[in-house]
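Written out below as structure tokens is the structure these notes cover.
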Amino acid sequence: MDTRKLLHFTETVDQGSISKAAQSLRISQPALTKSLRLLEKELEVELLVRSSSGVTVTEFGRSLYAHARAVEAEMEHARAEIRQLSGNGKSHVKIGVLPSISGNLFARAIAQVIKFLPDLEIRVYEGVHCELMSAIRRREYDFVVAMADRFEPDPGPTLRYRIVLRDQLRIIARAGHPLDGLDAVTCADLIKFPWVHPVIGAAHRPILGLLFMESGIEPPRAQVECASVQFAKTVMATSDALGLMPDHTIEPDIKAGTLCCLPIISEHLQRTVGLYYSVHRPLTPAAKAVMREIERICGGSLHGGRFS
């Protein structure tokens, strides 16, 4: 199968339009249409449904898209490795990370890495847990930093993971919130206010659910959901909305006096974070170096032996 046809196909899916994809690929629209038709003929299935508003991906197309992304990632990895072996390229690491980790602990680890590896190129992509897990299974990243909680399904035989962090989740509110300054806050108090959820992993909802179930109260429905920690913090800082976040994520906001932690401590309000990598994509020395620095900064316990 011609990898150029796969590139044409994935770009068309990403752009949602043949004309936009043709512009992005810098080829003519008829040439792109011919390439897509040849790919469909080769596979003997319809991959895309064309309409005046763009393209819609069929079930066959969705399946091919996942495989095509994995092929593109492996080709990029191979080209970079060959350039490095030939002395014509720098080492590089491609990482996916939860937004709630990237802004503090993870960023500090990367800052240390670039001090002692100045020639290393690091690409960091934020994503919610389910997106990160799908991407690492397609081998799009060297590794990802994602949830490793009891609520998460077994990663399966294609992935390995290491626990690097067990951190405390806190109920967050704006400074000066009606609940700020109280000696004790109950779930009955929390249910009176709107909630905002940074969508950073499916584990957070059941964790919050356990806290409320312990008090015999139905957990709150999130009035606002988003994929940005900073967006969620801004909403909380400028309204009476409450949220659930790890304590290290809101350290700067606590010091700045814009947010506060409500006095609720529970064994349920904890999460575990791990480093996931594919067994089909050997870790490079550069990836191992970044992983070790993340371990050091997070100071978490190890799951299994050290990276070899």
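Numbering (this note's numbering), first residue to last: 165 to 472. The beta-carbon is built from N, C-alpha and C at its ideal position, and this holds for glycine as well.
request  = Rounded to whole angstroms, what's the CA-CA distance from Q179 to S188? Just pull it up for me.
outcome  = On the sequence shown, position 15 is the one that residue 179 refers to. On the sequence shown, position 24 is the one that residue 188 refers to. Roughly 9 Å separates the two Cα atoms.
request  = Determine the burial state of H231: buried for a count of at least 16 other Cβ atoms within 10 Å of its Cβ, exposed for fewer.
outcome  = Start at 1 with the first residue of the sequence shown, and residue 231 comes out as number 67. Result: exposed.
ask   = What's the C-alpha gap between H361 and L211?
value = Residue numbering aside, residue 361 sits at position 197 when the sequence shown is read from its first letter. Residue numbering aside, residue 211 sits at position 47 when the sequence shown is read from its first letter. Each residue's CA atom was taken as its position, placing H361 and L211 some 35 Å apart.
query = Whose C-alpha, out of I191, G373 and A237, is nearest the C-alpha of I300?
reply = Taking the first residue of the sequence shown as position 1, residue 300 is located at position 136. That would be A237, whose Cα lies nearest to the Cα of I300.
ask   = What is the rounded straight-line gap between the Cα of G463 and the Cα of A273?
value = Looking up residue 463 in the sequence shown gives position 299. Looking up residue 273 in the sequence shown gives position 109. Rounded to whole angstroms, G463 and A273 show a C-alpha spacing of 11 Å.
message = Taking its Cβ as the centre, do 16 or more other Cβ atoms sit within 10 Å of E389, making it buried, or is it exposed?
response = Taking the first residue of the sequence shown as position 1, residue 389 is located at position 225. Exposed: under 16 other Cβ atoms inside 10 Å.
key: Buried or exposed (CB count within 10 angstroms, at least 16 for buried), P383   = Taking the first residue of the sequence shown as 1, we reach residue 383 at position 219. Its Cβ being crowded by 16 or more others within 10 Å, P383 is buried.
key: Buried or exposed (CB count within 10 angstroms, at least 16 for buried), G438   = Within the sequence shown, numbered from 1, the residue matching residue 438 stands at position 274. It is buried - the Cβ of G438 has at least 16 other Cβ atoms within 10 Å.
ask   = Any contact of the region 336–350 with the region 418–426, i.e. 3+ C-beta pairs under 8 Å?
value = Judged by Cβ distances under 8 Å, the region 336–350 makes contact with the region 418–426, as three or more pairs qualify.
CA-to-CA distance, I265 to E459, given in whole angstroms = Against the sequence shown, residue 459 aligns to sequence position 295. Against the sequence shown, residue 265 aligns to sequence position 101. Cα to Cα, E459 sits roughly 13 Å from I265.
ask   = If we call anything under 8 Å between Cβ atoms a contact, is A451 one with F307?
value = Within the sequence shown, the letter at position 287 stands for residue 451. Within the sequence shown, the letter at position 143 stands for residue 307. Taking 8 Å as the Cβ cut-off, A451 and F307 qualify as a contacting pair.
Cross-strand partners of E304 (DSSP beta bridge) = In the sequence shown, counting from the first residue as 1, residue 304 sits at position 140. Under the DSSP definition of a beta bridge, E304 lacks any partner.
Limits of the beta strand (DSSP E) - the one that T220 falls within = In the sequence shown, the residue the question calls residue 220 occupies position 56. Residues G218 to V221.
query = In the structure shown, what three-state DSSP assignment does I414 receive?
reply = Within the sequence shown, numbered from 1, the residue matching residue 414 stands at position 250. Residue state for I414 is assigned as helix, using DSSP reduced to three classes.
query = Could you give the distance in angstroms between the alpha-carbon of V261 and the alpha-carbon of E415?
reply = For the purposes of this step, residue 261 is identified with residue 97 of the sequence shown, where counting begins at 1. For the purposes of this step, residue 415 is identified with residue 251 of the sequence shown, where counting begins at 1. In a straight line, the C-alpha of V261 is about 19 Å away from that of E415.
request  = Give the secondary structure of P362 by DSSP, where H, G and I count as helix, E and B as strand, and everything else as coil.
outcome  = The count along the sequence shown starts at 1 and reaches residue 362 at position 198. Strand.
query = Can you tell me whether H172 is buried or exposed, with buried defined as 16 or more other CB within 10 angstroms of its CB?
reply = The count along the sequence shown starts at 1 and reaches residue 172 at position 8. A residue is called buried once 16 or more other Cβ atoms fall within 10 Å of its Cβ, and H172 is buried on that count.
request  = Starting from the N-terminal side, write out each stretch of the beta strand (DSSP E) that is 3 residues or longer and does not extend beyond the region 196–237.
outcome  = The region 196–237 contains these whole beta strand (DSSP E) runs: 212–215 and 218–221.
inquiry  = In this structure, how does DSSP classify M165 when only helix, strand and coil are distinguished?
reply    = Position 1 of the sequence shown, counting from 1, holds the residue named residue 165. Three-state DSSP puts M165 in coil, outside helix and strand.
inquiry  = Taking only three categories from DSSP, how would you classify I274?
reply    = Here residue 274 corresponds to residue number 110 of the sequence shown, with the count starting at 1. Helix at I274.
query = If you count every other CB in all the chains shown that lies within 10 Å of the CB of D331, and 16 or more means buried, which is it?
reply = On the sequence shown, position 167 is the one that residue 331 refers to. Here D331 is buried. Its C-beta has 16 or more other C-beta atoms within 10 Å.
ask   = In the DSSP assignment, what residue or residues form a beta bridge with Q434?
value = Taking the sequence shown and counting its residues from 1, the one referred to as residue 434 is at position 270. In the DSSP output, where bridge partners are listed per residue, Q434 has Q332.
message = Can you tell me which residues form a DSSP beta bridge with V288?
response = Sequence index remark: in the sequence shown, residue 288 carries index 124 (1-based). Its beta-bridge partners are I259.
query = Are I182 and L203 touching if we call contact CB-CB under 8 Å?
reply = Numbered from 1 along the sequence shown, position 18 holds the residue referred to as residue 182. Numbered from 1 along the sequence shown, position 39 holds the residue referred to as residue 203. Cβ distance not < 8 Å, so I182 and L203 don't count as in contact.
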